[in-house]
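In full-length UniProt numbering, the protein residues as written are 1 to 598. Even glycine gets a Cβ: it sits at the ideal position worked out from N, Cα and C.
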């Protein structure tokens with residue numbers, strides 16, 4: 001029996017065979033120059049010898065090339081389709097399987113357990129150089145020292161993740177994006193440091209992996225912005241916190257997860273003292289395998305895991321030529337924002353596709369997030385207090401008079417005052433954020449993005465009390481209104497449409513804030529206010545995307561790029577993906593606007 005894994009957020013054959021079983025001939029290979037860094041070859045040889053000693057396998061035609069963040073695995077001889085590339089036994093794997101899932105009654109997440117195992121392995125590796133004492137606080141997850149693997153990991157200054165981005169970087173390169181907002185909120189509230197102090201430190205103390213040094217000279221965190229020190233009058237030891245950050249980056253960028261939810265179960269005792277099984281599906285740190293880079297377009301192998309032996313394996317899914325990069329996919333359906341948040345980069349292939357993308361369904365577009373309060377209900381309040389309701393009444397009256405040949409009949413019963421209608425937050429029945437994505441758009445339904453949830457939330461902000469009570473028993477009801485209510489009542493329909501356009505205008509202001517990348521040209525007359533029409537907003541969005549694509553094209557063509565230019569390229573890609581979803585929604589609203597106006 002075999003199971004797939006989810007690569008990096010990662011795929012198992014029933015593999016027990018030897019190298020010869022997979023057509024691999026143990027022969028002397030020609031020497032091929034793969035890198036010029038003197039330490040890389042030694043790291044690779046130590047790692048491969050260690051895996052072989054543990055009963056694993058690394059194809060003799062594989063070599064590590066490059067240095068630091070640019071490292072990758074290449075071939076130095078032809079490899080045939082079906083050949084075993086890598087087999088890593090459980091004794092070489094670092095995971096949280098055998099780490100306690102509770103400490104003093106407090107549960108520990110799988111991620112925290114893996115982090116504890118990694119820090120324990122690092123501590124043992126360091127201690128083994130000075131003593132033979134390798135005692136663990138918990139049962140060993142490996143049968144041999146992990147020193148060769150620990151020494152193969154990047155140093156803290158070799159990682160390039162969002163941990164390294166300063167507040168200024170986030171504001172400049174991710175201004176207005178949902179990811180940028182989340183990062184700024186975490187930085188402003190020091191969320192990570194507080195979680196470390198309150199949840200991580202007690203767990204790591206139990207495992208015995210903290211240095212417990214007295215606070216000395218404070219070091220700045222790796223993003224170089226502010227000191228790690230007092231948090232709510234409690235001290236976070238700088239060296240331990242730096243070790244935590246480095247381990248976090250390692251697990252985030254190199255960890256693998258199982259797709260099966262029933263794999264790797266661990267005995268645990270519940271509150272009644274009864275034994276029960278809890279699943280552990282990752283993260284797993286897999287030596288050698290975690291050196292393969294991401295390229296879904298050129299992927300030549302998929303991670304597999306044997307359910308009986310626990311071995312992690314990779315088999316060549318096509319023949320490989322000499323000098324070819326051995327790559328796989330960290331996840332084919334990951335958006336640019338997810339890749340950036342997890343691994344610290346956006347593939348150039350993603351960026352190139354955004355130069356061509358229109359508002360058509362794409363597999364990896366970052367969704368547009370519209371917040372229930374900040375964007376949607378706020379826009380309804382703006383509409384209620386504007387002259388727009390009266391404008392709609394005048395428009396509909398004029399249209400009706402025209403159809404009736406100029407007869408002047410009262411139409412007051414068709415309208416109602418919306419200014420005094422209270423905000424209805426639908427607290428329990430509505431999400432706090434609405435994710436707009438053409439990725440999952442049903443192409444047979446051209447009105448997919450204006451969902452029933454969206455229509456319902458906006459419509460109830462304008463319904464008079466008696467109508468609201470007739471339809472809904474409370475704000476927590478699961479009743480949903482569909483598009484027909486907007487088409488049957490043009491007054492309500494136009495109010496909802498204008499509120500939605502106003503919400504998109506508010507959202508566009510966030511992209512066009514002072515934090516937006518300075519090189520963007522704002523020459524399209526993009527002032528956004530409550531009088532913007534759907535077509536004006538469309539012009540604004542298209543102009544912004546046009547500017548971003550021009551700049552993105554310049555960045556892609558640069559070689560080499562500076563670090564700041566890489567970060568800008570990542571941010572531009574995420575922005576364009578979100579804006580593409582915004583454009584698709586604006587186009588749908590504009591079409592509905594036209595239908596209700598005629």
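Query, Result
"For residue 339 and residue 414, what's the separation of their Cα atoms in angstroms?", "51 Å"
"Can you check which of these residues, 343, 435, 428, is closest to residue 375 by C-alpha distance?", "435"
"In terms of alpha-carbon separation, which member of 333, 455, 501 lies closest to residue 479?", "455"
"Between 535, 101, 399, which has its C-alpha nearest residue 207's C-alpha?", "101"
"Name the two residues that bound the continuous alpha helix (DSSP H) containing residue 341.", "336-343"
"CB residue 574 to CB residue 366, shorter than 7 Å?", "yes"
"Have a look at the DSSP bridge pairing and note the partners of residue 107.", "102"
"Taking its Cβ as the centre, do 16 or more other Cβ atoms sit within 10 Å of residue 148, making it buried, or is it exposed?", "buried"
"Locate the beta strand (DSSP E) running through residue 84, then write down its first and last residues.", "84-88"
"Quick one: what's residue 312 bridged to in DSSP?", "88, 305"
"From residue 316 to residue 283, what does the alpha carbon distance come to, in whole angstroms?", "24 Å"
"Less than 7 Å separating the beta-carbons of residue 433 and residue 369?", "yes"
"Take residue 428 as the anchor and find which of 453, 420, 416, 280 has the nearest alpha-carbon.", "453"
"Kindly indicate the opening and closing residues of the alpha helix (DSSP H) around residue 465.", "465-471"
"Where does residue 180 fall in DSSP's three states?", "helix"
"Answer yes or no: do residue 449 and residue 588 have a C-beta to C-beta separation smaller than 7 Å?", "yes"
"Measure the alpha-carbon distance for residue 505 versus residue 382 and round it to whole angstroms.", "12 Å"
"Under a Cβ-count criterion, where at least 16 other Cβ atoms within 10 Å of its own Cβ denotes burial, should residue 80 be classed as buried or exposed?", "exposed"
"Specify the secondary structure class of residue 59 as computed by DSSP and reduced to three states.", "coil"
"Does DSSP classify residue 201 as helix, strand or coil?", "helix"
"Please classify residue 432: does DSSP put it in a helix, a strand, or coil?", "coil"
"If you scan the region 362-425 from start to end, which runs of the alpha helix (DSSP H) of 4 or more residues do you find wholly inside it?", "378-384, 388-403"
"In whole angstroms, give me the CA-to-CA distance for residue 510 and residue 176.", "5 Å"
"CB-CB under 8 Å to residue 493, same chain, minus the five flanking residues each way: which ones, in chain order?", "485, 486, 487, 592, 596"
"Report, in whole angstroms, the separation of the C-beta atoms of residue 355 and residue 93, which I expect to be a contact under 8 Å.", "With 8 Å as the limit, residue 355 and residue 93 do not qualify as a contact, their Cβ atoms being about 40 Å apart."
"For residue 583 and residue 548, I'd like the C-alpha separation in whole angstroms.", "14 Å"
"When the Cα of residue 151 is compared with those of 168, 178, 123, which residue comes out closest?", "123"
"Among the residues of its own chain, which have a CB less than 8 Å from the CB of residue 556, if the five just before and after it don't count?", "348, 351, 352, 355, 569"
"Would you mind sorting residue 90 into buried or exposed? The rule is 16 or more other CB atoms within 10 Å of its CB.", "buried"
"Note the first and the last residue of the continuous beta strand (DSSP E) segment covering residue 257.", "255-258"
"Residues bridged to residue 172 by DSSP?", "According to DSSP, which records beta bridges pairwise, residue 172 is partnered with nothing at all."
"Within the continuous beta strand (DSSP E) that includes residue 75, where are the two ends?", "72-75"
"Just how far apart, CA to CA, sit residue 481 and residue 399?", "26 Å"
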